[in-house]
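Here the structure comes first, spelled out in structure tokens, and everything after it is commentary.
2 protein chains.
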Amino acid sequence: MTDTTTRYDDDARGPHAPPPPPAPASAAARPVVPARGTRRGAGLGEVAFDAGGFWGDRQDVNAAATLAHCERWMEELGWLENFDRVARGERTVDRPGWQFSDSEVYKLMEAAAWESARSGDAGAEALFVRLADRVTAAQDDDGYLTTAFGHPGLEPRYSDLAMGHELYNMGHLLQAAVARLRTAGADDAFVAAGRRVAEHVCREFGAGGRDELCGHPEIEVALAEFGRATGEPRYVEQARIFIERRGHGRLPVRPLLAADYFQDDVPVRDAEALRGHAVRALYLTAGAVDVAVDTGDDGLLESLVRQWRRTVERRTYLTGGMGSRHQDEGFGDDFELPADRAYCETCAGVASIMVSWRLYLATGEAEYADLIERTLYNVVAASPSADGCAFFYANPLHLREAADPVEAAGVHMRAEGGLRAPWFDVSCCPTNVARTLASLQAYAVSVDGPAALSVLQYAAGNVSVELDDGRLAVSVATGYPHDGTVVLSVTDAPATPVTLRLRVPHWARRASLWSTTAAGGARRVDAAPGWAHVSQVLAAGDEIRLVLGDEPRLTWPDSRIDAVRGTVAVERGPLVLCLESPDLPAGMEIYGFVLDASAPPQPANDGASVRLLPRPGRDASGGRLPFGPCEDPADGTPAQRPDAPGGQPAEGGLEVRLIPYYRWAERGPSTMRVFLPAST
Amino acid sequence: MTDTTTRYDDDARGPHAPPPPPAPASAAARPVVPARGTRRGAGLGEVAFDAGGFWGDRQDVNAAATLAHCERWMEELGWLENFDRVARGERTVDRPGWQFSDSEVYKLMEAAAWESARSGDAGAEALFVRLADRVTAAQDDDGYLTTAFGHPGLEPRYSDLAMGHELYNMGHLLQAAVARLRTAGADDAFVAAGRRVAEHVCREFGAGGRDELCGHPEIEVALAEFGRATGEPRYVEQARIFIERRGHGRLPVRPLLAADYFQDDVPVRDAEALRGHAVRALYLTAGAVDVAVDTGDDGLLESLVRQWRRTVERRTYLTGGMGSRHQDEGFGDDFELPADRAYCETCAGVASIMVSWRLYLATGEAEYADLIERTLYNVVAASPSADGCAFFYANPLHLREAADPVEAAGVHMRAEGGLRAPWFDVSCCPTNVARTLASLQAYAVSVDGPAALSVLQYAAGNVSVELDDGRLAVSVATGYPHDGTVVLSVTDAPATPVTLRLRVPHWARRASLWSTTAAGGARRVDAAPGWAHVSQVLAAGDEIRLVLGDEPRLTWPDSRIDAVRGTVAVERGPLVLCLESPDLPAGMEIYGFVLDASAPPQPANDGASVRLLPRPGRDASGGRLPFGPCEDPADGTPAQRPDAPGGQPAEGGLEVRLIPYYRWAERGPSTMRVFLPAST
């Protein structure tokens, strides 16, 4: 965590090298398999989260409820029938759904494929096949496949590349095909359809073809991974062409919107930070990392690492959320991080994890896994309701006016945050959450070369990986994130020395690690934020105990973030906490206080207890105009004004509890804030 | 300023009473002539601003440069030819301009009409006639007149009422016709075209017609005033129908946007504050005030006063700017007033003045004139460049990244603020500024009943009005807004007592008023914020001296405005000041300091001088992640971090100058902020 230079692995193979030897079968089912590098993520068969644990529970709800929920909504809204109509050759009149609705079907298929591999759930397999049949029937002979263009009654193919999302849709189809190939292990009809799509795209947009771009990146990361999965370097090459083609002003500037919306303002390798539409920027970056890694483009990779760092240091919320503007669903300027108008789209959280994961695999740095953890607990986990059938789209850190419950009843037209909705007019988030949860254990550990395992995310469960000299298996016992102690028990190990690396989160300033052998020897290992590791011969019965601590703590924001000056947040472990109106006395407004920063927050259930004090004066409510009390030139002090209505704590203070942010709005419409005005 | 109850005049005539007797000819040329009430605004012939004064200069530049600038751009872009093509009956292919481009032509015509009356400028008259000929030639036999619908090659009439802007366009035509009728004094061909438009609208959308609404309010305020100008109560009645029809969900909810965008979520009289798209909300409110006043609907008027008050107290910027969100170009929630993402569209400033002026005429309260002053100096005056040929569209109070000068060269697609542009793709602001400047003296004074004159806005010039017992004429000498002393010299007066009311701005806490008679007697008059007045027989040579003061002052924002907590603004007279990067030493960032709030700001040229101190620590730049330094549980104090790059003042402080906000970005692309982090 203290090294600021860029490092990444390079196994010295040249560009377009063939993929490395396949991982063991249990490791094959994973979303990202770089062609180079000595580090690999876990296959879905190598890690299992315990049922009833934080993530295991969410995975089970995802499988049992969310997948069917998504299919039902898409059927009801006609997004699935769009494929049938094309397959039947019918003329389309008033096609339902946005031009990107196909992609939701593919993300659901991807989720079903991962889920099938994760749990062996026959329902997920049946869902995949059911959808695949309808999708593949709509493919044109030349491989083109979308339901919004190029068929009777629709605009011609590629007539609106900026906003048409055709390549975006086909990109998500390819990601579903990657999941299918790596989980079913077979080159079935859907994978074959994917090959035809990829060939079509290379033919149409390759060298000598259309010198154009899709307005929404996605095809890049998809072609790269499909190329990896199929061993076809031409697909990776086509991804490279798209990456290099971007940033030269091919896409139109749109009225009233920012120039960088499409990331077509600056070449990818020349950019300084992520900018414009957040999901677009992040999908593009994920694809660019893939291209940089697979082609050995070290300059590009270094640039992407720099961009990630500046983005995380200056354009990322405490929750890990990205996207400071509702306008353009976009990043803001450096330090433009308003809590109230934070967009922090759930999909941007998913996409941020995609980028961080690729950079972790390329570099092995803990900071990427740190951000993945922060984003998983405070963005992705915040989105779905407990029953898996309603979702947050935007994830603001402050809501002043409670949402209207009526709005959540049906298809939600808006994305303001405040109430989870079953479906959205633009419904990218539910299926993105689904595919992420279904494959979540892939991000939990990595195998680093011949004899090392890194544990990145802590959850009760089991890990079993094949190292060069044999199997390493550990069971993980923890109440994380609500308990800061993680106990790893070795159940199987090679006879030769192995390295076990444990990530120590940046917030765990006083972590400790104890390694105890089955024979009874115990020693304390250095555990500063970053990595703690044991390198030795391990044996069944050995135990490694990581104590990260779980005291709530105050987190002071960077003073350059104007929007939260004079406030403080409270965190506990990896969880950002928040104050929600149901936890305030009746009649007290969410702004009627300051937090007593001299009193340390105390643990309380899964959150914390803090003391609130009356808000000091200085407001305009005593006047008629909002321009604030004017300084009286006579004495130079700001006028103290009577307070506004809304109620305040008594002079002696008021203890209130903060809850984990991911659980807010579970008790109905509410107001909420993460950053609390602080006493000074 | 201390009375919080709602009061307005009621002359006890019933609804739909005929208009009051006409004002003298010199008073006829004014934009708002309520059918009821004892108070009237000045005619353009009753007030003249001195050439070279603050507003006189801007009016002259407007006449000499802006009107021609706007005509030239609209000719070049084909927005004028749109009328010719319709007149010729040609089929339209690829019509240039948005569906509301017609309205820019009408706003320019309105400006030309006022300008012609203000200065007698033959060029302005010729411009009006030139445009009127082309516009009227495009009118359909039944009165319908737009160039974006209902003609060969275009969509049918009223096929997209939500976004088509047909009634909006025709509303602006009617406002141009009002200006023509009241300045030329004749019912010419253009006014006749206006009558046909109004009749068409009443026929089409009246009782028994289409039960629909235009997505962008404007027709309401236009029909009401055209009804007043022509003495036709059916037009006011149609305005009333549109006001009552709104708020029942006739317009569609749009994806990803706020429900209140069109103000169709809540009936006008039931709303609590202005909300949604700011210009839409303000135009609607202006029309609603007109309807309430003319129909004697006291309940509606009281509601509108309440809405204005809450909007001003909780949703209005220090500059008077309205619109907290780029998304939807909209109002935010209460206290959602980010400085950086302030939209504060110039047109919303114009529209806010329209509302405040109508409420002033209805109630006579000084607070409305206060807000008009604030908005004129800090929004409207900020928009045009000194040469009158470039304009701000958005008026943020904080810019972190300097604009790209290339962007300003041609038609500006965006509205981010930071650089004035000659024209915009959506170019509503230039013509709105033009029509406001051309008629500005109408807002300077009011005649209140038979024997009283209120002076509302201070500018060097002359006022001459007919009271019941004779002419009252005063000359005004002042360097306002840069000098806080205003001297009124009586040059003519009736032989009977008159009341002269002078507005004392809310910020002038220690104002004094001296009344001196030609005979040599002098007395001091009470001059607390609100009104100061003398009621006596006046005579030529009498002098009234109002001393408002012009010391710069600190203005502390309401503590409920999260976005500017811990900051302070500096104002001087009616001017909001700002710190702009050219006034900082090279290398110092716009965030690298705090203002020393213990040192009173000092006058410096037309702005102020303040002392900056180094910014105290507490930022994340020493770490790798942006999550802020964590409190160390051991000692409970926030970690102090080394500072970020960017330069800071030396320990002893640094004197810098602040300039009036309206002059920012005159020295090329810059960063800027109004609210300065303050030492505590």
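If you read the sequences in order, they're chains A and B.
Residues in the first sequence are numbered consecutively from 1, following the UniProt record's numbering.
Residues in the second sequence are numbered consecutively from 1, following the UniProt record's numbering.
Note that CB positions come from ideal geometry on N, CA and C, so glycine has one too.
- Interface annotation for the stretch 556-571 of chain B against chain A: Trp-556, Pro-557, Asp-558, Ser-559, Arg-560, Ile-561, Asp-562, Ala-563, Val-564, Arg-565, Gly-566, Thr-567, Val-568, Ala-569 and Glu-571, criterion Cβ-Cβ distance under 9 Å.
- For the stretch 476-498 of chain A, there are no residues whose beta carbon sits under 8 Å from a beta carbon of chain B.
- It is roughly 15 Å from the alpha-carbon of Leu-399(B) to the alpha-carbon of Thr-567(B).
- Using beta-carbon distances, Ala-271(B) does not count as an interface residue toward chain A, since no partner is under 7 Å.
- Taking C-alpha positions only, Thr-136(A) is separated from Gly-97(A) by approximately 19 Å.
- Close partners of Glu-401(B) in chain A (Cβ separation under 7 Å): Asp-333.
- Per DSSP, the beta bridge partners of Gln-602(A) are Ser-609(A).
- About 5 Å separates the beta carbon of Arg-611(A) from that of Ala-599(A), a gap short enough to meet the 8 Å contact definition.
- If you draw a straight line from the Cα of Ala-438(B) to the Cα of Pro-505(B), it comes to about 24 Å.
- Excluding residues up to 5 positions away in sequence, Pro-529, Leu-548 and Gly-549 lie with their Cβ nearer than 7 Å to the Cβ of Ala-508(B) in the same chain.
- Of the residues assessed, Val-537(B) falls on the exposed side of the cut-off, its CB having fewer than 16 other CB atoms within 10 angstroms.
- The residue among Pro-582(B), Glu-71(B) and Val-656(B) with its C-alpha nearest the C-alpha of Gly-668(B) is Pro-582(B).
- Distance check between Met-588(A) and each of Ser-670(A), Thr-311(A), Leu-223(A) and Val-487(A) places Ser-670(A) closest, using alpha-carbon atoms only.
- Collapsing the DSSP output to three states places His-172(A) in a helix.
- Excluding five sequence positions before and after Met-109(B), the CB atoms of its chain that fall closer than 7 Å to its own CB belong to Phe-128, Leu-131, Ala-132 and Ala-176, given in chain order.
- Here the C-alpha atom of Gly-320(A) lies approximately 37 Å from the C-alpha atom of Thr-517(A).
- The beta carbon of Gln-139(B) is closer than 6 Å to those of Leu-145 and Ala-193 in its chain, skipping five residues each way along the sequence.
- Spatial neighbours of Arg-435(B) in its own chain (CB-CB distance under 7 Å, excluding positions within 5 residues in sequence) are listed in chain order as Lys-107, Glu-110, Ala-111 and Trp-114.
- Residue burial is scored here from C-beta neighbours: Glu-76(A) has fewer than 16 other C-beta atoms within 10 angstroms and is therefore classed as exposed.
- For Ala-29(B), the secondary structure class from DSSP, reduced to helix, strand or coil, is coil.
- Of the other Cβ atoms in all chains shown, fewer than 16 fall within 10 Å of the Cβ of Gln-602(A); this residue is therefore exposed.
- Around the beta-carbon of Pro-156(A), fewer than 16 other beta-carbon atoms lie within 10 Å, marking it exposed.
- Excluding sequence positions up to five before and after Arg-58(B), its CB lies within less than 6 Å of the CB of Leu-437, all in the same chain and listed in chain order.
- Here the stretch 346-365 of chain A does not lie against the stretch 464-484 of chain A, with fewer than 3 beta-carbon pairs under 8 Å apart.
- Between the alpha carbons of Ala-239(A) and Arg-306(B) lies a distance of about 58 Å.
- Straight-line spacing of the CA atoms in Val-433(A) and Val-380(A) works out to 7 Å.
- Under the Cβ criterion of 7 Å, Thr-680(A) is counted among the residues facing chain B.
- Here Thr-517(A) carries a coil assignment [DSSP, helix/strand/coil].
- Residue-level contact by beta carbon holds for Asp-425(A) and chain B, with a gap shorter than 7 Å.
- Boundaries of the alpha helix (DSSP H) around Phe-226(A): 219-230.
- Look at the stretch 335-346 of chain A: the residues with a C-beta under 8 Å from a C-beta of chain B are Phe-335, Glu-336, Pro-338, Ala-339, Asp-340 and Arg-341.
- With contact defined as three or more Cβ pairs closer than 8 Å, the stretch 245-261 of chain A and the stretch 228-236 of chain A are not in contact.
- Contact annotation: the stretch 377-395 of chain B touches the stretch 425-432 of chain B, with at least three C-beta pairs closer than 8 Å.
- The stretch 443-458 of chain B and the stretch 410-419 of chain B do not touch, with fewer than 3 CB-CB distances between them shorter than 8 Å.
- Under DSSP, Met-322(B) forms a beta bridge with Thr-316(B).
- With the criterion set as a beta carbon lying under 9 Å from some beta carbon of chain A, the members of the stretch 414-442 of chain B are Arg-414, Ala-415, Glu-416, Phe-424, Asp-425 and Val-426, in sequence order.
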